[in-house]
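Q: My structure is below; once you've seen it, I'll send some questions.
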Amino acid sequence: MKTILRPITPLKEFIKAMELAGLSDKEYELIDYIRYTGVFSQPMIVKDLRMSSKPPALSIICEVCRKIGEYMPDHFKAVRQWSQSISEHNVKWDGDLICSATRNIDGTPLSPESRTALYDYLAVHKELFTGFD
């Protein structure tokens, strides 16, 4: 499948969708953490937010993104198409609504599978980053 450009998330629409999605306090805390931290791994989330390791934080991110995506369906559909286009395995990852896998300077993913990091590292999309606010 051909790689397409990442759809930029309209911030106001994203915030409105978050409000409408009926997220729990823990889900809001997770999204706020991701947006503030910028770059993170699953073990960082578990430690910093004192979460259980089960279910995996990355699965929770997907669930939350699906909830938010219900209120911005056209954008979420476009993100999922983009997600599939960048996937080595042709899969859609719903978490790509807010964050994506990071890569080193050579373009290799920072992940155990690529033998470049002990954990998968992800980064929030620039338009959603709040770390300097």
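Terminal number for the sequence shown in my numbering: 139, no gaps in between.
Virtual Cβ for every residue (Gly too), placed ideally from N, Cα, C.
This structure is a prediction, so every number in the text was calculated from the model and none was measured.
Expressed to the nearest angstrom, what Euclidean distance is found between the alpha-carbon atoms of Ala63 and Leu26?
A: On the sequence shown, residue 63 is found 57 positions in, with the first residue counted as 1. On the sequence shown, residue 26 is found 20 positions in, with the first residue counted as 1. So the alpha carbons of these two residues sit roughly 22 Å apart.
Q: Looking at Ile14 and Ile104, is the spacing between their C-beta atoms short of 8 Å?
A: Here residue 104 refers to the residue found at position 98 of the sequence shown. Here residue 14 refers to the residue found at position 8 of the sequence shown. No.
Q: Would the beta-carbon of Leu148 fall within 8 Å of that of Pro118?
A: Outside the modelled stretch of the chain, which goes from 7 to 139, sits residue 148, for which no answer is possible.
Q: For Lys98, I'd like the list of residues in its chain whose CB is within less than 6 Å of its CB, leaving aside the five on either flank, ordered along the chain.
A: The residue you call residue 98 lines up with position 92 of the sequence shown. Within the same chain, Lys98 has close Cβ partners Arg86, Ser89, Gln90.
Q: Less than 6 Å between C-beta atoms, sequence neighbours within five positions excluded: which residues of the same chain meet that for Arg12?
A: By 1-based counting over the sequence shown, the position of residue 12 is 6. Within the same chain, Arg12 has close Cβ partners Trp88.
Q: Let me check understanding here. Comparing Cα to Cα, which of Gln48, Leu29, Asp54 lies closest to Pro61?
A: Along the sequence shown, read from residue 1 onward, the residue named residue 61 stands at position 55. Taking only the C-alpha atoms, the option nearest Pro61 is Gln48.
Q: Helix or strand or just coil, what does DSSP make of Ser89?
A: Indexing the sequence shown from 1 puts residue 89 at position 83. Here Ser89 sits in helix by DSSP.
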